[in-house]
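K.L.:
After the structure tokens below, expect a handful of questions from me.
There are 4 protein chains.
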Amino acid sequence: MHDCPFAKRWSRRKAARPQEILEAALDLFAEKGYAATKMGDIAKRAGVTCGTPYRYFKSKEEIFASLIRELVLPKLALGESLLAEPDVGAAARLRTFLFTWWTQIGESRLSALPKLMVAEAKNFPEVAELYQKEFIQPGQALLKRVVEDGIARGEFRAVPVEHAVQTLMSPVVMLMIWQHSLVPCFDPDADPRSYLEAMLDLVLHGLMPRSAIA
Amino acid sequence: MHDCPFAKRWSRRKAARPQEILEAALDLFAEKGYAATKMGDIAKRAGVTCGTPYRYFKSKEEIFASLIRELVLPKLALGESLLAEPDVGAAARLRTFLFTWWTQIGESRLSALPKLMVAEAKNFPEVAELYQKEFIQPGQALLKRVVEDGIARGEFRAVPVEHAVQTLMSPVVMLMIWQHSLVPCFDPDADPRSYLEAMLDLVLHGLMPRSAIA
Amino acid sequence: MHDCPFAKRWSRRKAARPQEILEAALDLFAEKGYAATKMGDIAKRAGVTCGTPYRYFKSKEEIFASLIRELVLPKLALGESLLAEPDVGAAARLRTFLFTWWTQIGESRLSALPKLMVAEAKNFPEVAELYQKEFIQPGQALLKRVVEDGIARGEFRAVPVEHAVQTLMSPVVMLMIWQHSLVPCFDPDADPRSYLEAMLDLVLHGLMPRSAIA
Amino acid sequence: MHDCPFAKRWSRRKAARPQEILEAALDLFAEKGYAATKMGDIAKRAGVTCGTPYRYFKSKEEIFASLIRELVLPKLALGESLLAEPDVGAAARLRTFLFTWWTQIGESRLSALPKLMVAEAKNFPEVAELYQKEFIQPGQALLKRVVEDGIARGEFRAVPVEHAVQTLMSPVVMLMIWQHSLVPCFDPDADPRSYLEAMLDLVLHGLMPRSAIA
DNA sequence: TATGAATGAGATTTCATTCAT
DNA sequence: GATGAATGAAATCTCATTCAT
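Residue numbers (my numbering), protein chains in the order written: chain A, 1 to 214; chain B, 1001 to 1214; chain C, 2001 to 2214; chain D, 3001 to 3214.
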């Protein structure tokens, strides 16, 4: 009846446990949602019994919060370094930014985050605010700088920057979401990278001034 | 009770009940997620007590399924008619298509659907499949025809059609999702329509061949 | 495994339930203590299933608090009326006070309260404060008035009033506690009333001035 | 670890461990009750970690039982010697008995016992029986002898002895209980000894025959 | 038909106890 | 011996669902 006990006893005990539990939780939250994920599921996937997660986290809710704080925010440093690169032109920088975002996050287990945050933000407003302030806004600011820079140099048309940034982000975010959903709006067998390529080609083309095309 | 004069009030609503319950459920599922929404909440928002939904639906799960079948799919007819319009050029048709999508669905309570389906598709695979087959695929097919048409006429560049379709859809879908989330990646005070405008300007520009620009 | 389900279905549903649950809880708390009393025990004794108490009380803790507030405090009015009686002399009044206390509370299920409060006061400080302020202090004040009155009239010796009050209360309180304990310090077959008689005889004798004796 | 110079410290305490654990348990049981006291709390207060008590005691229940057997019963010898004293009159002997009881037990950590036993006797009937037989009954027998002696000599009135004994004990027991409760029925700042004095004055007075007063 | 008290399976969480280190 | 991570039984509490009224 209880699905708590497993046939295992006294496996290793280590400082790796919290990380393992968070990763198990992230996978399951992304798959089933927060509420539909049972603590026992998390424990089982982490290879422990049902009481063990509570040695490391006060509650299920704290697992959720820790997951954002400890798994996601550290990734932010990545984006920062993108702009420190040598000058390669705005279009190339945009390309690099979006592809790095995809390979570093979209192809890791963290790709689950957008789906998770979209679904649960209303239920965990403080965590959502953290995610927004520490992850989305800085990321958008970076992207904005690239676009503004491109406009200033005449590489891009003078489009409304805010809207362009969102238009650029949307496909990447949607791609991550669709990866974790049974409702893909793109061919699930297609290569996400080639989709990104095509998308980039389209919007970069849209950003270019006539002069650059002619 | 007995022959109280308010009895009429109840019978008047009787026919509307199932619809009211589904709408209440849609709102709440979108806000909190399926699992976190209590049957009692649905009942209360529909203006009935907790036993009443069971007169019309076998279970919570059936409410979810009915919601997709009876609230969403009927909307599909809308899109079909879009292409029956007189010939106005591919760009204008694209514009019309996306704006109609937005005003008819994005500005209605149905804008909750993408968030809901993304979050719950894995937990309700049959419903997700229905949604996918009856709503997304036909919609994409419509959009695809518009793009192909535009390419055939020389109005658009010869881009990969599938990817272009997805790139066109992403911002609209994301806009709907963000509307129902505390994690907006766009200025929540901004007018969604002006965002759509800017997005369309960008991608239409990206679709145009050099000749059209020069 | 779960001791929650009982073989009963759809018994009466009434406004009597909360009271029944509180009485069941009082009996069990007094018998086993708060922590050792399971919610299922309370439900079973109240003749309902394990989920029912939660329709009326938010938590086990609230049952405890309500029990004091709703079962005990109303009894206080009793004591108030004792002093309104016609003048019968201080000794007779003392006798009446202590005997009424015993018959009204000591011989009712409320006799469990001293044991319960002594055991749990530290774990529920706010409830303990309520009990202290609303029950004990007023009761002591009443008793104090009787003693002071007796001294003023020359019926009693001029003893320290506070201490006399406590000395008078102790046997009654201990009698209630012993009734609910396996550690009786008096013969459990003895009649509590005859113990009260003897005790009263002793202390009344102790209160009398020489003149009254000689 | 290895040959650290503090190793001595541990071995020095080794022999004292069981006693320290029992004392920690007594304090906590008295404060929170048996069930609400966690083994980890006991360990922590005893200055060890949560596994250590199990080296000395089979279970929490055994700690409770040992506590009574090893901490309390040895104190009983004290009372025995009280009556071996030279003849000083019944009243003085009563006074000595109660004051010694108070100073030896009431002012030690063992004052927690009445509260603890009252609260838990029903949950640990064998321990309660032990406590009753080995502690309370012998104590009452001692007190009874003093009272009977006093009556035989004409120092006390011919009161019912059993009831008098209980009346004499009640205030002392209550005083111990109130010391460990947030529900004191006496001024918590008052000196317990002066309360005992006053109480004794009252009941001794009540015990005296007319002749002794006049 | 509608109500809402009652049900009871199942989820989260606690903690006495074990045992590898 | 001592430690404290891990265990897992058992407790509290929730809520989808039922059904007497």
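Think of the CB as a built atom: it goes at the ideal place given N, C-alpha and C, for glycine as much as any other residue.
Because the structure is a prediction, the values reported are computed rather than measured.
Starting from L3063 (chain D), trace the alpha helix (DSSP H) in both directions and tell me its first and last residue.
P.N.:
Position 63 of the fourth sequence, counting from 1, holds the residue named residue 3063 (chain D). Inspection of the sequence shows that residue 3063 (chain D) is occupied by Ile rather than by Leu. Where I3063 (chain D) is concerned, the enclosing alpha helix (DSSP H) stretches over K3060 to S3066.
K.L.:
Show which residues of chain D have a CB atom less than 7 angstroms away from the CB atom of M2199 (chain C).
P.N.:
By one-based count along the third sequence, residue 2199 (chain C) stands at place 199. What M2199 (chain C) touches in chain D: H3163 and T3167.
K.L.:
What in chain C is Cβ-close to P3216 (chain D), meaning under 8 angstroms?
P.N.:
Since the first residue shown for chain D is 3001 and the last is 3214, residue 3216 (chain D) is missing from the structure and cannot be characterised.
K.L.:
How many angstroms separate the CA atom of Y2054 (chain C) from the CA atom of G1040 (chain B)?
P.N.:
Here residue 2054 (chain C) refers to the residue found at position 54 of the third sequence. Here residue 1040 (chain B) refers to the residue found at position 40 of the second sequence. About 15 angstroms.
K.L.:
Apart from the five residues just before and just after F2064 (chain C), which ones in its own chain have a Cβ nearer than 8 angstroms to its Cβ?
P.N.:
In the third sequence, residue 2064 (chain C) corresponds to position 64, counting from 1. Hits under 8 angstroms: A2025, F2029, Y2034, E2120, F2124 and V2127.
K.L.:
Apply the 10 Å Cβ neighbour rule to Q166 (chain A) and answer buried if 16 or more other Cβ atoms are within range, or exposed otherwise.
P.N.:
As a first step, residue 166 (chain A) is located in the first sequence; it is residue number 166 there, counting from the start. It counts as buried.
K.L.:
Can you have a look at R2153 (chain C) and say buried or exposed, based on whether 16 or more other CB atoms are within 10 angstroms of its CB?
P.N.:
Within the third sequence, residue 2153 (chain C) is the residue found at index 153, counting from 1. Per the 10 Å Cβ criterion, exposed.
K.L.:
Considering only their Cβ atoms, is the gap separating I177 (chain A) from P114 (chain A) smaller than 7 angstroms?
P.N.:
Taking the first sequence and counting its residues from 1, one reaches residue 114 (chain A) at position 114. Taking the first sequence and counting its residues from 1, one reaches residue 177 (chain A) at position 177. Cβ distance < 7 angstroms, so P114 (chain A) and I177 (chain A) count as in contact.
K.L.:
Which of helix, strand or coil does DSSP assign to Y2034 (chain C)?
P.N.:
Against the third sequence, residue 2034 (chain C) aligns to sequence position 34. If DSSP states are grouped into helix, strand and coil, Y2034 (chain C) belongs with coil.
K.L.:
From C:P2192, C:F2156 and C:L2196, pick the residue whose C-alpha is nearest to that of A2091 (chain C); which is it?
P.N.:
On the third sequence, residue 2091 (chain C) is found 91 positions in, with the first residue counted as 1. Taking only the C-alpha atoms, the option nearest A2091 (chain C) is C:F2156.
K.L.:
With 7 angstroms as the threshold, decide whether the Cβ of V1088 (chain B) is near any Cβ in chain A.
P.N.:
As a working note, residue 1088 (chain B) is residue 88 in the second sequence. For V1088 (chain B), the answer is no, since every Cβ of chain A falls outside 7 angstroms of its Cβ.
K.L.:
Residues of chain D with CB under 7 angstroms from D2187 (chain C), in chain order?
P.N.:
Within the third sequence, residue 2187 (chain C) is the residue found at index 187, counting from 1. Residues of chain D passing the Cβ test: E3162.
K.L.:
May I have the straight-line CA-CA distance separating A2077 (chain C) from L2022 (chain C), to the nearest angstrom?
P.N.:
Counting from one through the third sequence, the residue named residue 2077 (chain C) turns up at place 77. Counting from one through the third sequence, the residue named residue 2022 (chain C) turns up at place 22. So the alpha carbons of these two residues sit roughly 20 angstroms apart.
K.L.:
Which same chain residues end up closer than 8 angstroms to T1049 (chain B) when comparing Cβ atoms and leaving out the 5 residues on each side of it in sequence?
P.N.:
For the purposes of this step, residue 1049 (chain B) is taken as residue 49 along the second sequence, with counting starting at 1. So the qualifying residues of the chain are A1043.
K.L.:
Please report the residue range of the alpha helix (DSSP H) in which A2090 (chain C) lies.
P.N.:
Counted from its first residue, the third sequence places residue 2090 (chain C) at position 90. Element bounds for A2090 (chain C): A2090 to W2101.
K.L.:
Taking C-beta to C-beta, are P3160 (chain D) and M3199 (chain D) nearer than 7 angstroms?
P.N.:
Numbered from 1 along the fourth sequence, position 160 holds the residue referred to as residue 3160 (chain D). Numbered from 1 along the fourth sequence, position 199 holds the residue referred to as residue 3199 (chain D). For P3160 (chain D) and M3199 (chain D), no; Cβs fall outside 7 angstroms.
K.L.:
Helix, strand or coil for S2194 (chain C), going by three-state DSSP, please let me know.
P.N.:
The residue given as residue 2194 (chain C) occupies position 194 in the third sequence. Three-state DSSP puts S2194 (chain C) in a helix.
K.L.:
So A1112 (chain B) and D1027 (chain B) are supposed to be a Cβ contact under 8 angstroms. How far apart are they, rounded?
P.N.:
Residue 1112 (chain B) sits at position 112 when you count from the first residue of the second sequence. Residue 1027 (chain B) sits at position 27 when you count from the first residue of the second sequence. Confirmed, about 7 angstroms.
K.L.:
Which of the three DSSP states, helix, strand or coil, is assigned to S181 (chain A)?
P.N.:
Within the first sequence, the letter at position 181 stands for residue 181 (chain A). DSSP places S181 (chain A) in coil when its eight states are reduced to three.
K.L.:
In the segment 1026-1047 of chain B, which residues sit with their C-beta less than 7 angstroms from some C-beta in chain A, listed in chain order?
P.N.:
Going along the segment 1026-1047 of chain B in chain order, one finds E1031, K1032, G1033, A1035 and A1036 with a Cβ nearer than 7 angstroms to chain A.
K.L.:
With distances taken Cα to Cα, identify the nearest neighbour of F57 (chain A) among A:G47, A:G89, A:P18 and A:A36.
P.N.:
Translated into positions along the first sequence, residue 57 (chain A) becomes position 57. Comparing Cα-Cα distances from F57 (chain A) to each of A:G47, A:G89, A:P18 and A:A36, the minimum goes to A:P18.
K.L.:
Can you list, in chain order, the stretches of the beta strand (DSSP E) that have 3 or more residues and sit fully within the segment 3099-3173 of chain D?
P.N.:
None, since the segment 3099-3173 of chain D contains no complete beta strand (DSSP E) of that length.
K.L.:
Got a sec? Which residues, its chain only, sit under 8 angstroms from R2095 (chain C) by beta carbon, not counting five neighbours each side?
P.N.:
Position 95 of the third sequence holds residue 2095 (chain C). If we look at R2095 (chain C) and ignore the five residues flanking it on each side, its Cβ neighbours are L2200 and L2204.
K.L.:
Say whether chain C places a C-beta atom closer than 7 angstroms to the C-beta of K3122 (chain D).
P.N.:
Residue numbering aside, residue 3122 (chain D) sits at position 122 when the fourth sequence is read from its first letter. By this cut-off, K3122 (chain D) is an interface position.
K.L.:
Report yes or no: is there a C-beta of chain B within less than 7 angstroms of the C-beta of S170 (chain A)?
P.N.:
Here residue 170 (chain A) corresponds to residue number 170 of the first sequence, with the count starting at 1. So, interface residue.
K.L.:
State the Cα-Cα distance for the pair S1108 (chain B) and T1100 (chain B), rounded to the nearest angstrom.
P.N.:
Taking the first residue of the second sequence as 1, we reach residue 1108 (chain B) at position 108. Taking the first residue of the second sequence as 1, we reach residue 1100 (chain B) at position 100. Approximately 12 angstroms, taken between the alpha carbons.
K.L.:
Taking the CB atoms as reference points, tell me whether Q1137 (chain B) and V183 (chain A) lie closer together than 7 angstroms.
P.N.:
Stepping through the second sequence from its first residue, residue 1137 (chain B) is reached at position 137. Stepping through the first sequence from its first residue, residue 183 (chain A) is reached at position 183. Result no, Cβ atoms of Q1137 (chain B) and V183 (chain A) do not sit closer than 7 angstroms.
K.L.:
So for V1203 (chain B), helix, strand or coil by DSSP?
P.N.:
If you number the second sequence from 1, residue 1203 (chain B) lands on position 203. The answer is helix: DSSP assigns V1203 (chain B) an H, G or I state.
K.L.:
Could you tell me the alpha carbon to alpha carbon distance between K38 (chain A) and E2020 (chain C), rounded to whole angstroms?
P.N.:
Residue numbering aside, residue 38 (chain A) sits at position 38 when the first sequence is read from its first letter. Residue numbering aside, residue 2020 (chain C) sits at position 20 when the third sequence is read from its first letter. So the two alpha carbons sit approximately 35 angstroms from each other.
K.L.:
Does F3029 (chain D) come out as helix, strand or coil in the three-state DSSP assignment?
P.N.:
Position 29 of the fourth sequence, counted from the start, is the residue given in the question as residue 3029 (chain D). Helix at F3029 (chain D).
K.L.:
Buried or exposed for V2217 (chain C), going by 16 or more other Cβ atoms inside 10 Å?
P.N.:
In this structure chain C extends from 2001 to 2214, so residue 2217 (chain C) is not present and cannot be described.
K.L.:
Assuming K3122 (chain D) and K2122 (chain C) form a contact by the criterion Cβ under 8 angstroms, report the distance between their Cβ atoms to the nearest whole angstrom.
P.N.:
As a first step, residue 3122 (chain D) is located in the fourth sequence; it is residue number 122 there, counting from the start. As a first step, residue 2122 (chain C) is located in the third sequence; it is residue number 122 there, counting from the start. Contact flag wrong, Cβ pair sits at about 19 angstroms.
K.L.:
On a Cα-Cα basis, can you pick out the residue from D:D3189, D:P3192 and D:V3147 that is closest to G3206 (chain D)?
P.N.:
For the purposes of this step, residue 3206 (chain D) is taken as the residue at position 206 of the fourth sequence. The shortest Cα separation from G3206 (chain D) among D:D3189, D:P3192 and D:V3147 belongs to D:V3147.
K.L.:
Applying a beta-carbon distance threshold of less than 8 angstroms, which residues of chain B neighbour Y131 (chain A)?
P.N.:
Translated into the one-based positions of the first sequence, residue 131 (chain A) becomes position 131. The answer, in chain order, is V1183.
K.L.:
Determine whether the beta carbon atoms of V3118 (chain D) and S2181 (chain C) lie at a separation below 7 angstroms.
P.N.:
As a first step, residue 3118 (chain D) is located in the fourth sequence; it is residue number 118 there, counting from the start. As a first step, residue 2181 (chain C) is located in the third sequence; it is residue number 181 there, counting from the start. Cβ atoms of V3118 (chain D) and S2181 (chain C): closer than 7 angstroms.
K.L.:
Excluding the five sequence neighbours on either side, which residues of its own chain have a C-beta within less than 7 angstroms of the C-beta of S66 (chain A), listed in chain order?
P.N.:
Here residue 66 (chain A) refers to the residue found at position 66 of the first sequence. Excluding residues within five positions, the ones whose Cβ falls inside 7 angstroms are L22 and F57.
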